[in-house]
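Engineer: Have a look at this one before I ask anything.
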Amino acid sequence: MNVLTLALAILLLIAGAWAVVARSAFAAVSGFIVCGLLLAVVWLILGAPDVALTEAAIGGGLTGALLFGACGVLQDSSTVRNSRSVSLRIAGALLSLLVACGLGAAFLLLPEPAPGLGGEVRSSMAATGLENPVTAVLLTFRAWDTLLEKVVVLLALVGVWSFAPDSLWAGRPGVRYRLDPHVIFLAQVLCPIGIVVGVYLFWVGASAPGGAFQCATIFAALWVLVTMAGLADPLPVGRLVVRIAVVAGAVVFSGIGVAGFFWAGAFLAYPVEFAKPLILLIEAALTLSVAFTLGLLVAGSPARGEEP
Amino acid sequence: MSAVEFFGLCGAALVGLGFYGLIVQVHPFRKIVAFNVLGSGVFVVFGAIARRGVMGGDGADPVPQALVITGIVVAFSATALAVALVKRLAREEQETPGTEEDE
Numbered sequence: 000m001n002v003l004t005l006a007l008a009i010l011l012l013i014a015g016a017w018a019v020v021a022r023s024a025f026a027a028v029s030g031f032i033v034c035g036l037l038l039a040v041v042w043l044i045l046g047a048p049d050v051a052l053t054e055a056a057i058g059g060g061l062t063g064a065l066l067f068g069a070c071g072v073l074q075d076s077s078t079v080r081n082s083r084s085v086s087l088r089i090a091g092a093l094l095s096l097l098v099a100c101g102l103g104a105a106f107l108l109l110p111e112p113a114p115g116l117g118g119e120v121r122s123s124m125a126a127t128g129l130e131n132p133v134t135a136v137l138l139t140f141r142a143w144d145t146l147l148e149k150v151v152v153l154l155a156l157v158g159v160w161s162f163a164p165d166s167l168w169a170g171r172p173g174v175r176y177r178l179d180p181h182v183i184f185l186a187q188v189l190c191p192i193g194i195v196v197g198v199y200l201f202w203v204g205a206s207a208p209g210g211a212f213q214c215a216t217i218f219a220a221l222w223v224l225v226t227m228a229g230l231a232d233p234l235p236v237g238r239l240v241v242r243i244a245v246v247a248g249a250v251v252f253s254g255i256g257v258a259g260f261f262w263a264g265a266f267l268a269y270p271v272e273f274a275k276p277l278i279l280l281i282e283a284a285l286t287l288s289v290a291f292t293l294g295l296l297v298a299g300s301p302a303r304g305e306e307p
Numbered sequence: 000m001s002a003v004e005f006f007g008l009c010g011a012a013l014v015g016l017g018f019y020g021l022i023v024q025v026h027p028f029r030k031i032v033a034f035n036v037l038g039s040g041v042f043v044v045f046g047a048i049a050r051r052g053v054m055g056g057d058g059a060d061p062v063p064q065a066l067v068i069t070g071i072v073v074a075f076s077a078t079a080l081a082v083a084l085v086k087r088l089a090r091e092e093q094e095t096p097g098t099e100e101d102e
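So, in structure tokens, the structure goes:
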């Protein structure tokens with residue numbers, strides 16, 4: 000363990016503590032974003048570049064945008080009343096310390112040798128036509144998880160939309176940003192780079208770190224940036240095209256899953272000779288849908304009428 | 000202590016920090032942020048546990064990594080849902096200060 004590792008851990012814990020105890024909500028969110036970006040580095044050290052990409056894009060990026068957006072709306076109510084009694088704070092601190100120590104002890108006392116599924120995944124990789132084991136797990140061995148994850152994201156979006164007041168049902172989500180030359184400049188610089196990086200991550204995901212979710216997150220972040228620059232406005236959520244874009248991934252994925260009954264004898268099974276093209280098709284549909292859904296989740300509930 | 004064990008303990012510390020925030024913060028929005036810190040800690044502990052398998056000579060184990068990627072996306076969705084709920088609550092409080100909600 001070297002000095003850099005130690006410095007990273009200290010910074011991580013300071014950022015985490017700051018996100019928890021900072022006085023204002025804005026400061027807390029800043030701490031959380033720093034924490035998310037440092038966690039991406041931790042994931043690299045833990046040998047998981049796919050997770051690092053996802054954590055940087057979602058933990059540091061999209062969640063940050065979402066929480067900052069909420070800070071603006073909640074400004075009046077979130078700075079007031081931050082008073083728990085001292086005794087409750089001490090009790091809470093002791094309880095948290097107990098939880099952390101218990102978890103740490105449980106972690107250190109795990110049996111050796113550690114079990115794992117790495118061997119099984121490696122021995123079955125050839126059948127998938129993929130070279131990145133993480134993508135193979137996500138889209139073949141544990142395809143159920145990924146399909147249900149897509150459904151959870153969709154349900155969350157339905158939930159967010161349902162919080163709209165009756166009068167604004169099916170309206171446009173979020174606030175209308177005014178044209179801001181600085182943000183426009185940022186969007187103009189970052190969008191071309193982001194699109195290239197996103198498509199690269201999508202394509203390389205079959206054989207190297209990357210994949211559908213990482214690409215979708217980058218596209219969603221670019222879209223959030225473009226709306227914040229005031230260059231584009233989210234479509235009303237009642238539009239058919241929005242609904243289709245949002246469900247396309249889950250529909251294509253379940254459709255190919257059901258077809259698996261006929262051509263490979265099980266739900267979500269692929270015929271070996273067509274495994275890779277089918278996986279690419281699912282990934283393309285998933286990328287489109289996840290990008291739309293994540294972007295709309297950041298935009299929030301419908302808050303305006305259907306007019307721009 | 001190896002870097003993996005060290006970061007596993009850091010994850011446990013993050014869980015403790017997030018848990019503390021969940022208890023002592025009053026405003027729901029601050030509880031959401033604290034809960035996200037807690038969740039990140041859980042992911043790191045899980046990642047460190049998965050990495051132990053690699054140290055034990057099993058090679059890279061992609062299953063926990065895939066689970067964490069799924070977990071991060073789901074955590075984000077849950078956060079978005081919670082934030083939308085808190086925003087709506089704030090809106091209700093603004094529109095009808097001091098009275099019961101009528102919707």
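Quick mapping for you: the protein sequence lines, in order, are chains A and B. In terms of numbering that gives the first Met the number 0, the first sequence opens at residue 0 and continues consecutively. In terms of numbering that gives the first Met the number 0, the second sequence opens at residue 0 and continues consecutively. Each residue gets a CB set at the ideal place from its N, CA and C atoms; glycine is no exception.
Nearest-angstrom Cα distance between T255(A) and A105(A)?
Structural biologist: Along the first sequence, read from residue 1 onward, the residue named residue 255(A) stands at position 256. Along the first sequence, read from residue 1 onward, the residue named residue 105(A) stands at position 106. According to the sequence provided, residue 255(A) is Ile. The question's Thr does not apply to it. Rounded to the nearest angstrom, the two C-alpha atoms are 41 Å apart.
Engineer: Which residues, taken in chain order from the stretch 209–237 of chain A, show a beta carbon closer than 7 Å to some beta carbon of chain B?
Structural biologist: F212
Engineer: Just checking my contact of V245(A) with L109(A) at CB under 8 Å: how many whole Å lie between their CB atoms?
Structural biologist: Sequence index remark: in the first sequence, residue 245(A) carries index 246 (1-based). Sequence index remark: in the first sequence, residue 109(A) carries index 110 (1-based). About 41 Å; that fails the 8 Å criterion.
Engineer: For M308(A), is the classification buried or exposed, using 16 other Cβ atoms within 10 angstroms of its Cβ as the cut-off for buried?
Structural biologist: Because residue 308(A) is not part of the residues shown, which for chain A are 0 to 307, the question remains open.
Engineer: Any C-beta of chain A sitting closer than 8 Å to the C-beta of F75(B)?
Structural biologist: To locate residue 75(B), count along the second sequence from 1; it is residue 76. So yes, F75(B) belongs to the interface.
Engineer: How many whole angstroms separate the CB atoms of G170(A) and P301(A), which I take to be in contact at a CB cut-off of 8 Å?
Structural biologist: As a first step, residue 170(A) must be located in the first sequence, where it is residue number 171. As a first step, residue 301(A) must be located in the first sequence, where it is residue number 302. G170(A) to P301(A), Cβ: 4 Å. Contact.
Engineer: If distances are taken between C-alpha atoms only, which option among G229(A), G210(A), P276(A), G264(A) comes closest to P48(A)?
Structural biologist: Position 49 of the first sequence, counted from the first residue, corresponds to residue 48(A). P48(A) has its Cα closest to that of G210(A), out of G229(A), G210(A), P276(A), G264(A).
Engineer: Going by DSSP in three states, D101(B) sits in which element: helix, strand or coil?
Structural biologist: Here the question's residue 101(B) lines up with position 102 in the second sequence. Low per-residue confidence applies at D101(B): pLDDT is 41, beneath 50, and the placement is therefore not dependable, though the value from the model is reported in the following sentence. Residue state, collapsed to three classes: coil.
Engineer: Starting from the C-beta of A39(A), find all residues in its chain whose C-beta is less than 8 Å away, skip the five residues before and the five after it, and write them out in chain order.
Structural biologist: Within the first sequence, the letter at position 40 stands for residue 39(A). A51, L52, E54, A55, G58, G59, listed in sequence order.
Engineer: Whole angstroms is fine: what's the gap from A90(A)'s alpha carbon to I22(B)'s?
Structural biologist: For the purposes of this step, residue 90(A) is taken as residue 91 along the first sequence, with counting starting at 1. For the purposes of this step, residue 22(B) is taken as residue 23 along the second sequence, with counting starting at 1. Rounded to whole angstroms, A90(A) to I22(B) spans 9 Å at the Cα level.
Engineer: In whole angstroms, what is the alpha-carbon distance linking A263(A) and A142(A)?
Structural biologist: The sequence position of residue 263(A) within the first sequence is 264, counting from 1. The sequence position of residue 142(A) within the first sequence is 143, counting from 1. If you take the alpha carbons of A263(A) and A142(A), they lie about 15 Å apart.
Engineer: In chain A, which residues lie with their C-beta within 8 Å of the C-beta of K86(B)?
Structural biologist: Translated into positions along the second sequence, residue 86(B) becomes position 87. Within chain A, the C-beta atoms nearer than 8 Å to that of K86(B) come from A69, V72, L73, F162, G299, S300, in chain order.
Engineer: For A18(A), does the count of other Cβ atoms within 10 angstroms reach 16, so buried, or fall short, so exposed?
Structural biologist: In the first sequence, the residue the question calls residue 18(A) occupies position 19. Flag for A18(A) reads buried.
Engineer: Quick one: list the residues of chain A neighbouring F34(B), beta-carbon separation under 9 Å, in chain order.
Structural biologist: Counted from its first residue, the second sequence places residue 34(B) at position 35. Residues of chain A passing the Cβ test: none, with the nearest at roughly 10 Å.
Engineer: Any chance you could list the beta strand (DSSP E) runs of at least 3 consecutive residues sitting entirely within the stretch 215–277 of chain A, in chain order?
Structural biologist: none
Engineer: Can you list the residues of chain A that T95(B) reaches, using a CB-CB cut of under 9 Å?
Structural biologist: Residue mapping note: residue 95(B) aligns to position 96 of the second sequence, counting from 1. Here the premise fails: no neighbours, minimum Cβ distance about 12 Å.
Engineer: Can you check the stretch 13–72 of chain A for any alpha helix (DSSP H) of at least 4 residues that lies completely inside it and give the ranges in chain order?
Structural biologist: Those alpha helix (DSSP H) runs which fall completely within the stretch 13–72 of chain A and span 4+ residues are 24–44, 48–53.
Engineer: Going by DSSP, which residues form a beta bridge with R188(B)?
Structural biologist: Not covered by the structure: residue 188(B). The range shown for chain B is 0 to 102.
Engineer: What does W42(A) reach in chain B if we use C-beta pairs closer than 7 Å?
Structural biologist: Counting from 1 along the first sequence, the entry for residue 42(A) is found at position 43. Per Cβ cutoff of 7 Å: G46.
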